[in-house]
Amino acid sequence: MKYPEVLGFDALLPQLETFDAIIDARSEAEYALDHIPGAINCPVLNDEERVLVGTLYKQTGAFEAKKVGAPIIARNIARHIETLWADKPREWRPLVYCWRGGNRSGAMAHILARIGWPVVQLEGGYKTYRAHVSAALENPPELDFRVVCGTTGSGKSRLLETLDGIGAQVLDLEKLAAHRGSVLGHLPNEPQPTQKMFESLVWNKLRRFDPSKPVFVESESKKVGNLRVPGVVMERMRASPCIAVNLSRPNRVRLLMEDYEHFCADPSALNTQLDHLVQLHGRAQIEAWHAMANGGEMAELVDQLLEQHYDPAYLRSIDRNFVRYPQADVLALDDIAPDDFLQAARRLHAA
Numbered sequence: 001m002k003y004p005e006v007l008g009f010d011a012l013l014p015q016l017e018t019f020d021a022i023i024d025a026r027s028e029a030e031y032a033l034d035h036i037p038g039a040i041n042c043p044v045l046n047d048e049e050r051v052l053v054g055t056l057y058k059q060t061g062a063f064e065a066k067k068v069g070a071p072i073i074a075r076n077i078a079r080h081i082e083t084l085w086a087d088k089p090r091e092w093r094p095l096v097y098c099w100r101g102g103n104r105s106g107a108m109a110h111i112l113a114r115i116g117w118p119v120v121q122l123e124g125g126y127k128t129y130r131a132h133v134s135a136a137l138e139n140p141p142e143l144d145f146r147v148v149c150g151t152t153g154s155g156k157s158r159l160l161e162t163l164d165g166i167g168a169q170v171l172d173l174e175k176l177a178a179h180r181g182s183v184l185g186h187l188p189n190e191p192q193p194t195q196k197m198f199e200s201l202v203w204n205k206l207r208r209f210d211p212s213k214p215v216f217v218e219s220e221s222k223k224v225g226n227l228r229v230p231g232v233v234m235e236r237m238r239a240s241p242c243i244a245v246n247l248s249r250p251n252r253v254r255l256l257m258e259d260y261e262h263f264c265a266d267p268s269a270l271n272t273q274l275d276h277l278v279q280l281h282g283r284a285q286i287e288a289w290h291a292m293a294n295g296g297e298m299a300e301l302v303d304q305l306l307e308q309h310y311d312p313a314y315l316r317s318i319d320r321n322f323v324r325y326p327q328a329d330v331l332a333l334d335d336i337a338p339d340d341f342l343q344a345a346r347r348l349h350a351a
């Protein structure tokens, strides 16, 4: 076999997990926008260098741009080899890609191959990967979704996490989106991925599921924070059988107090989010909730938010969007201890 081997994404997909490393040779900003899940970023040109070379290319032409870019590229590749791969054995087999599978990944793949590693270069680069993901999400695999429903604070996310822990198939959209799915759902110090990255993460989960086994997913709305759930995936979810999680309101308040502990420590952050509800509940009500937050009456505030905002909104949405909810199997939880969720998860997984 002559290396670097150049393969299209469709040919690579069945062996994607066999590579010892997936190397994204694009700049930091390109990588942050989206990348193949599991890829590491080893820029051949970083953000500033890419602008420099790209500007020269437009203003003076390809030859002058390549004269400036070539030594920069060589130094960056040398640094990656010295700091990341110097200890790799001859059998180490990386996959390398850039934007279109051209100069950047080609330069890196050529040098790695000359060293003696069996490197593979993605033909067409990221653009061919992105085209595959977009097409796959337009026609996702037929999966046996089981939609976990329940009002806010009923433990749906904890149940999904527990199901995942015991080996069940789980599509946790909120985890992939780094958001808890409500106006208060932003996770502190954890920004949401871009829309394209979210879609990559969803695609990567869907392709791994066994269609003969159920896939548990939460009854999300079309958007999780700022991110849109792929349309066909949402349609399939909304037509699927439902599981109604039932937990008493006092226990739901306790659970939310645990999950949103950061708001208890910083009432000002909570009040900023509550301001988004002014149009629904009026300024006077929001000011009353502000006062409760500032006064440390968090349990009472959470209870009022459930009664006046979350529960009515959720019940309207679930009845409208999940057509099989009236026939849902009821899953009652007595408490919110880990063992309660473990026993519930085992019942669902065994069903």
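According to the UniProt record's numbering, the residues represented by the sequence shown are 1 to 351, in order. All C-beta atoms in this analysis are idealised placements derived from N, C-alpha and C, irrespective of residue type, glycine included. Remember, predicted model here, so these are calculated numbers, not experimental data.
Could you spell out the range, first to last residue, of the beta strand (DSSP E) harbouring residue i?
i, result
"D329", "329-332"
"P214", "214-218"
"D24", "21-24"
"P94", "94-97"
"L7", "5-7"
"V120", "120-122"
Buried or exposed: residue i, going by 16 or more other Cβ atoms within 10 Å of its Cβ?
i, result
"V51", "exposed"
"E174", "buried"
"F63", "exposed"
"M292", "buried"
"V44", "buried"
"G69", "buried"
"E220", "buried"
"I166", "exposed"
"N246", "exposed"
"R75", "exposed"
"G54", "exposed"
"M108", "buried"
"D334", "exposed"
"G102", "exposed"
"G116", "exposed"
"G150", "buried"
"H80", "buried"
"R90", "exposed"
"residue 418", "Given that the chain is displayed from residue 1 to residue 351, the structure contains no residue 418 and the question cannot be resolved."
"D340", "buried"
"H179", "buried"
"R320", "exposed"
"A328", "buried"
"R208", "exposed"
"H276", "exposed"
Starting from residue i, follow the alpha helix (DSSP H) in both directions and report where the run begins and ends.
i, result
"Y126", "125-138"
"Q195", "195-206"
"Q273", "267-274"
"V68", "62-80"
"L112", "103-115"
Given a cut-off of 8 Å on the beta-carbon distance, is the pair residue i and residue j in contact?
i, j, result
"R249", "L306", "yes"
"P4", "V148", "no"
"L348", "L163", "yes"
"A244", "V330", "yes"
"A11", "P94", "no"
"I77", "E49", "no"
"A177", "V224", "yes"
"G325", "I318", "Looking at the sequence provided, one finds Tyr at residue 325 rather than Gly. Yes, the Cβ-Cβ distance between Y325 and I318 is below 8 Å."
"F9", "Y129", "yes"
"V133", "I23", "no"
"W99", "K127", "yes"
"A299", "L159", "no"
"Y31", "N41", "yes"
"Q274", "H262", "Residue identity differs from the one stated: residue 274 is Leu in this sequence, not Gln. Not closer than 8 Å, so no."
Comparing the CB of residue i with every heavy atom of the ligand COA, is any distance shorter than 7 Å?
i, result
"P338", "For the structure depicted, the ligand COA is absent and the ligand set is empty, with no information on it obtainable."
Discussion item. Would the segment 274-287 count as touching the segment 247-262 if we require 3 or more Cβ pairs under 8 Å?
Written reply: no
Worksheet item: Does the segment 151-160 come close enough to the segment 116-126 to have 3 or more Cβ pairs within less than 8 Å?
Response: no
Item to complete: Give a yes or no on contact between the segment 236-246 and the segment 136-145, applying the rule of three or more CB pairs nearer than 8 Å.
Response: The segment 236-246 vs the segment 136-145: in contact.
Worksheet item: Which residue spans inside the segment 142-182 form an unbroken beta strand (DSSP E) run of at least 3?
Response: Counting only runs of 3 or more, we get 144-149, 169-171.
Worksheet entry | At least 3 beta-carbon pairs within less than 8 Å: the segment 159-172 vs the segment 206-219 | yes
Practice prompt. Take every Cβ of the segment 190-200, pair it with every Cβ of the segment 30-37, and state whether three or more of those distances are shorter than 8 Å.
Written response: Taking one beta carbon from each stretch, the segment 190-200 and the segment 30-37 have 3 or more pairs nearer than 8 Å; the two touch.
Worksheet item: Touching or not, the segment 81-88 and the segment 24-32, by the rule of three or more beta carbon pairs under 8 Å?
Response: no
Item to complete: Could you name each continuous beta strand (DSSP E) segment of 3 residues or more that falls completely within the segment 218-255, going from the start of the chain to the end?
Response: 242-246
Discussion item. For the structure I just gave you, are there three or more beta carbon pairs, one from the segment 220-233 and one from the segment 125-140, closer than 8 Å?
Written reply: The count of Cβ pairs closer than 8 Å, one atom from the segment 220-233 and one from the segment 125-140, reaches three, so the stretches are in contact.
Discussion item. When you compare the segment 313-321 with the segment 294-302, are there three or more beta-carbon pairs, one atom per stretch, that lie closer than 8 Å?
Written reply: no
Worksheet entry | Inside the segment 15-59 only - beta strand (DSSP E) runs reaching at least 3 residues | 21-24
Worksheet item: Which runs of the alpha helix (DSSP H), 4 residues or longer, sit entirely within the segment 272-347?
Response: 278-294, 298-305, 311-321
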